[in-house]
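S.K.: Below you will find the structure I want to go over with you.
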Amino acid sequence: MESSNLGFPRIGAQREWKKALENHWAGKLEENDLIAEMKQLRLESWRQQQEAGLSRIPVGDFTCYDHMLDMAVMFGLVPRRFGHGEGPVPLHTYFAMARGDGENAACEMTKWFNTNYHYIVPEWEKDTEPVLLENRPLEAYREAKKCLGIEGKPVLIGPYTFTKLSKGFPSEKLPTILEQLTPLYAQILIELECEGVQWVQLDEPALVLPHSQEEHEMVAAVYEKLNQAAPGIRIMLQTYFGSLEHYKRTLSFPVAGIGLDFQAGREENLKSLSQHGFPEEKVLGIGILDGRNIWRADLLQELEFLQDEWTQQAACSGWWIQPSCSLLHIPLSVKQETELPSVLKHSLSFAEEKLEEIVLLTHALVEGAEKFSEKLAASHSALEELAHSPWRTRKDVQEATDRITDQDTRRLAPYSERKTIQAQRLTLPLFPTTTIGSLPQSDEVRRNRRAWKQGKQSDESYREFIQQEIRKWIHVQEEIGLDVLVHGEFERTDMVEYFGEKLEGFVVTRQGWVQSYGSRCVKPPILFGDVVYRKPMTLKEVVYAQSLTSKPVKGMLTGPITILNWSFVREDLPRPQVARQIALALREEVKQLEESGISVIQMDEPALREGLPLKAKERDAYLEWAVAAFRLATAGAHPATQVHTHMCYSEFHDILDAIQELDADVISIETSRSHGDLIQAFEEVHYEREIGPGVYDIHSPRIPNREEMTRLMHRALRVLNPSQLWVNPDCGLKTRTREEAVSSLRNLVEAARQLRKEHAEIAQK
Ligand code: GLN
Ligand code: ZN
């Protein structure tokens, strides 16, 4: 029996990681200093795991940007445009791939399974020959051993998952790519073996995705080869985010251990275990503590679960008690949360606390529960106390959700009628231009917000500052010539956190940061009680912005599914029910905006796709309640109100039907980083509403020119009508500088003008 971890947050207690990276990019921190700072953070995370008493500490999961990108550069998968020669990829090229530079667009970025973590998609080009340029896991292993005496467990993304998540080749070529990569993995393992490494963790979350028997055999063959190459090394084949597919066949893979997720895949994995048992000679990695949520575990209950009858089936050579997945997806430590109500605080468990829980559970299993009864009982009673707190159940809220009817999810007029009414009201040109909502959050904006939050700035002067910012940017947008304006979201740190601050039933943490992409972190609010609408949340700023211009200003709201998916949510209520509670609150806000004269309302749902279950059979049910929640939130809008929605950084092909079902009048959707792949999908699906395919990548500091944006629109025009198309960036501009945003938007407006001109010429002919 051992206590083990799969991966640890990299950002540091005060987000030192983020700050170091951003200083480096801004030219304020030399590369050497960055490297030194990164090392400190890495050592600190190992030290924490060591002090917690964990026996299997992961090494190699740390990264300077993204762990998939680390793998790609290790294999020399650097797209030609970055001009990399030979040898290990230098840091500046690594960052260029992640963020783009000068002429070169960044590599595609997309969401890591069903999480809000984004990885850089490995890009294969014609004739790409992968080579092993360095052995990063080995370096990490050596460093942990040398600096802290840790016998680390190197972690790598496994060959199947790495290949599955790569792009640049048709799916038939998967076997070839795998074949090319296998010797490289083998080489890594051989070197680790020579070094005396005992265990290596190969992450294969792709094995929980539905895949064919044939494909599974291919994976088996790869593992055969790895085992032949380095028979002395013990591989933990680690799965997570759901139950392992083809369970029985996997049991005979030549690996020393298999890690299963007993949170996301508990039921199915248990079923497999009881049906097929587990090999005596293998180690079972029991992912029992939820790596995706922040609630403390009821350890008494978990202990009981572990001692239950299924354990007979799983009588193997050993257990590793571990989290269900890497702890990357939760914040670092509850200790910093000094302002939470104590009932709540006692019920939470972030990464550090999860480690304690793992170690405690392991000890209790080995030495007997009696010895730890007090601590075990404490976890149970903390959760009980929360369950009975008055926040948990609000009768009025539950009654309101009970009253919801189908009628509430249908708009008063069908789309075809709304389209005409809205066109008359808004009088927009062809190819209308707009942005996604947020405008650059300058240091000044952040400084003011911070001062206000710390009570150092009065409400009055903060409001004035925000208004001044809105004024400034309304003028900028008018001057650039955009058609539908935004107020800029300067009052919001984050699109979900902001609503978490305003709605009852949520709390926001002080330091509960989680990495989202690159240096960007988010602070998901904690949804612990029934959701209550207190008062208007967004009105003041939008209405003020609208008072300054004759162009329409969009009311900006975050949708119910995104609020749900980007919060840490209570687990005592079914998610659809929680979604309905949030939707009702938003519905009220829509009404308020309308009554104040706002004619366009955007409700962002960037997390809709991300929440899609990985298992095909669960998808329809999810989409059904998710779409219903969005509709409940928006359908109260008058037919003359144009409802927009926005989505980004996901695969959308497979949910286009659901996107139609949302019944939004306009959707803006990311297509720039995937270079227009989505557009193709419209060849197959008939889409009749309006759509703004994002024409440039806002995650990159690069300024796109007019031509590349028109090019993307021309592609869209092959499958969509001119009257359906909007021109907009692919997401909010909050992380860009003022100069970057203004220059890019000027080019964007130019692109729209050119398209109008071209269209007028065609119309004349
Ligand atoms: N309205 C939000 C913004 O512009 C949308 C952000 C997102 O999709 N992630 O920032
Ligand atoms: Zn977006």
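Per this note's numbering, the very first residue in the sequence shown carries number 609; after that it's consecutive.
Glycine residues also receive a C-beta, built at the ideal position from the N, C-alpha and C atoms.
If you're wondering where the values come from, they're calculated on a predicted model, not measured in any experiment.
Just grab the DSSP bridge partners of arginine 1128 for me.
M.R.: Here the question's residue 1128 lines up with position 520 in the sequence shown. According to DSSP, which records beta bridges pairwise, arginine 1128 is partnered with Tyr1125.
S.K.: If you scan the region 957 to 1015 from start to end, which runs of the alpha helix (DSSP H) of 4 or more residues do you find wholly inside it?
M.R.: You should have 959 to 975, 981 to 995 and 1003 to 1010.
S.K.: With H, G and I counted as helix, E and B as strand and the rest as coil, what does DSSP make of serine 612?
M.R.: Taking the first residue of the sequence shown as position 1, residue 612 is located at position 4. Under the three-state reduction of DSSP output, serine 612 falls in the strand class.
S.K.: Which residues neighbour the ligand ZN when neighbourhood means a C-beta less than 5 Å away from any of its non-hydrogen atoms? List them by chain order.
M.R.: Pro1214, Cys1256 and Cys1339
S.K.: Which value, in whole angstroms, describes the spacing of the CA atoms of glutamate 876 and methionine 826?
M.R.: Numbered from its first residue, the sequence shown carries residue 876 at position 268. Numbered from its first residue, the sequence shown carries residue 826 at position 218. Taking the straight line joining both Cα atoms gives about 23 Å.
S.K.: May I ask you to report which of helix, strand or coil DSSP gives proline 745?
M.R.: By 1-based counting over the sequence shown, the position of residue 745 is 137. Helix at proline 745.
S.K.: With asparagine 1336 and threonine 1043 assumed to form a contact (beta carbons below 8 Å), what rounded beta-carbon distance in angstroms separates them?
M.R.: Here residue 1336 is taken as the residue at index 728 of the sequence shown, counted from 1. Here residue 1043 is taken as the residue at index 435 of the sequence shown, counted from 1. About 6 Å; that satisfies the 8 Å criterion.
S.K.: Could you say which of Ile843, Gly695 and Gln795 lies nearest to proline 666 if we only look at CA atoms?
M.R.: For the purposes of this step, residue 666 is taken as the residue at position 58 of the sequence shown. Of the candidates Ile843, Gly695 and Gln795, the one whose C-alpha sits nearest the C-alpha of proline 666 is Ile843.
S.K.: By the DSSP assignment, the beta strand (DSSP E) with glutamate 1112 in it spans what residues?
M.R.: Here residue 1112 refers to the residue found at position 504 when the sequence shown is read from its first residue. It spans 1112 to 1115 - the beta strand (DSSP E) in which glutamate 1112 sits, taken as one unbroken run.
S.K.: Cβ-heavy atom distance between lysine 1342 and the ligand NAD below 7 Å?
M.R.: Only the ligand GLN and the ligand ZN can be found as ligands here, which leaves the ligand NAD out of the picture.
S.K.: What's the call for isoleucine 765, buried or exposed, on a 16-neighbour Cβ count within 10 Å?
M.R.: Position 157 of the sequence shown, counted from the start, is the residue given in the question as residue 765. Burial call: buried.
S.K.: Quick check on isoleucine 1252: buried or exposed, where buried means 16 or more other Cβ atoms within 10 Å of its Cβ?
M.R.: Translated into positions along the sequence shown, residue 1252 becomes position 644. Correcting the residue identity first, residue 1252 is histidine in this sequence and not isoleucine. With 16 or more Cβ atoms within 10 Å of its Cβ, histidine 1252 is classed as buried.
S.K.: Going by C-alpha to C-alpha distance, which of Ile1277, His1307 and Pro696 sits closest to methionine 1300?
M.R.: To locate residue 1300, count along the sequence shown from 1; it is residue 692. Checking the sequence, you will find glycine at residue 1300 rather than methionine. Among Ile1277, His1307 and Pro696, the Cα nearest to that of glycine 1300 belongs to Ile1277.
S.K.: Between which two residues does the beta strand (DSSP E) harbouring histidine 1254 extend?
M.R.: The count along the sequence shown starts at 1 and reaches residue 1254 at position 646. Taken as a continuous stretch (DSSP letters only), the beta strand (DSSP E) holding histidine 1254 covers 1250 to 1255.
S.K.: Note the first and the last residue of the continuous beta strand (DSSP E) segment covering glutamine 809.
M.R.: On the sequence shown, residue 809 is found 201 positions in, with the first residue counted as 1. Taken as a continuous stretch (DSSP letters only), the beta strand (DSSP E) holding glutamine 809 covers 807 to 811.
S.K.: Considering only the alpha carbon of each residue, which of Leu817, Cys672 and Ala1031 lies closest to serine 1207?
M.R.: Walking along the sequence shown from the start, residue 1207 turns up at place 599. Nearest option by C-alpha distance: Ala1031.
S.K.: Check whether the Cβ atoms of leucine 935 and alanine 905 lie closer than 8 Å to each other.
M.R.: Taking the sequence shown and counting its residues from 1, one reaches residue 935 at position 327. Taking the sequence shown and counting its residues from 1, one reaches residue 905 at position 297. The answer is no: Cβ separation not under 8 Å.
S.K.: Considering Cα atoms alone, identify which of Ala748, Lys626 and Leu1220 is closest to valine 805.
M.R.: In the sequence shown, the residue the question calls residue 805 occupies position 197. For the residues Ala748, Lys626 and Leu1220, the minimum Cα distance to valine 805 belongs to Ala748.
S.K.: Spatial neighbours of glycine 840 within its chain, please: CB distance less than 8 Å, with the 5 preceding and 5 following residues excluded, ordered by chain position.
M.R.: The residue labelled residue 840 in the question sits at position 232 within the sequence shown. So the qualifying residues of the chain are Glu801.
S.K.: Does at least one heavy atom of the ligand GLN sit under 7 Å from the Cβ of glutamate 1097?
M.R.: Stepping through the sequence shown from its first residue, residue 1097 is reached at position 489. At least one heavy atom of the ligand GLN sits closer than 7 Å to the Cβ of glutamate 1097.
S.K.: Would you call lysine 1061 buried or exposed, if buried means 16 or more other Cβ atoms sit within 10 Å of its Cβ?
M.R.: Locating residue 1061 in the sequence shown gives position 453, counting from the first residue. Counting Cβ neighbours within 10 Å, lysine 1061 comes out exposed, since fewer than 16 surround it.
S.K.: Under 7 Å: does the beta carbon of isoleucine 765 sit that close to some heavy atom of the ligand GLN?
M.R.: Taking the first residue of the sequence shown as position 1, residue 765 is located at position 157. Not under cutoff, so the answer is no.
S.K.: Taking 7 Å as the cut-off, does the CB of serine 1050 come closer than this to any heavy atom belonging to the ligand GLN?
M.R.: Within the sequence shown, numbered from 1, the residue matching residue 1050 stands at position 442. Flag unset: Cβ of serine 1050 not near the ligand GLN.
S.K.: Enumerate in chain order the residues of its own chain whose CB-to-CB distance from glycine 684 is below 7 Å, with the five nearest sequence positions on each side excluded.
M.R.: Working through the sequence shown from its first residue, we reach residue 684 at position 76. Contacts found: Pro738, Val739 and Leu741.
S.K.: Would you mind sorting alanine 1263 into buried or exposed? The rule is 16 or more other CB atoms within 10 Å of its CB.
M.R.: Here residue 1263 refers to the residue found at position 655 when the sequence shown is read from its first residue. It should be noted that the sequence gives isoleucine, not alanine, for residue 1263. Its Cβ being crowded by 16 or more others within 10 Å, isoleucine 1263 is buried.
S.K.: Say yes only if the C-beta of isoleucine 1044 is nearer than 7 Å to one or more non-hydrogen atoms of the ligand GLN, and no if none qualify.
M.R.: Position 436 of the sequence shown, counted from the start, is the residue given in the question as residue 1044. Yes, the ligand GLN has a heavy atom inside 7 Å of this Cβ.
S.K.: Please specify which runs of the alpha helix (DSSP H), each continuous and at least 4 residues long, are wholly inside the region 668 to 744, giving them in chain order.
M.R.: 675 to 682 and 699 to 707
S.K.: Can you tell which of Ala1245, Arg1118, Ile896 and Ala837 has its C-alpha closest to the C-alpha of threonine 847?
M.R.: Along the sequence shown, read from residue 1 onward, the residue named residue 847 stands at position 239. Checking every option, the nearest Cα to that of threonine 847 belongs to Ile896.
S.K.: Select from Phe1136, Glu1007, Leu1341 and Val1150 the residue whose C-alpha is nearest the C-alpha of leucine 1075.
M.R.: Taking the first residue of the sequence shown as position 1, residue 1075 is located at position 467. Contrary to the premise, residue 1075 reads as glutamine rather than leucine in this sequence. The shortest C-alpha separation from glutamine 1075 is found at Val1150.
S.K.: With which residues is lysine 775 paired in a DSSP beta bridge?
M.R.: For this step, residue 775 is matched to residue 167 along the sequence shown. BP columns for lysine 775 point to Glu731.
S.K.: Just tell me which of His1367, His1322 and Val1303 has its CA closest to the CA of serine 1352.
M.R.: Residue mapping note: residue 1352 aligns to position 744 of the sequence shown, counting from 1. The shortest C-alpha separation from serine 1352 is found at Val1303.
S.K.: Comparing alpha-carbon positions, which option in Ile894, Thr1009, Arg618 and Asp709 lies nearest tryptophan 633?
M.R.: In the sequence shown, counting from the first residue as 1, residue 633 sits at position 25. Of Ile894, Thr1009, Arg618 and Asp709, the residue nearest in Cα terms is Asp709.
S.K.: When the Cα of arginine 1026 is compared with those of Gln1250, Lys753 and Lys1373, which residue comes out closest?
M.R.: If you number the sequence shown from 1, residue 1026 lands on position 418. Taking only the C-alpha atoms, the option nearest arginine 1026 is Gln1250.
S.K.: Would you identify the three-state DSSP class for valine 863, choosing helix, strand or coil?
M.R.: By one-based count along the sequence shown, residue 863 stands at place 255. Correct three-state label for valine 863: coil.
S.K.: Quick check on tryptophan 600: does DSSP put it in helix, strand or coil?
M.R.: Given that the chain is displayed from residue 609 to residue 1373, the structure contains no residue 600 and the question cannot be resolved.
S.K.: What does a CB cutoff of less than 7 Å around lysine 626 pick up in its chain, not counting 5 residues either side in sequence?
M.R.: Numbered from 1 along the sequence shown, position 18 holds the residue referred to as residue 626. Answer for lysine 626: Ile619, Ser1127 and Cys1129, listed in chain order.
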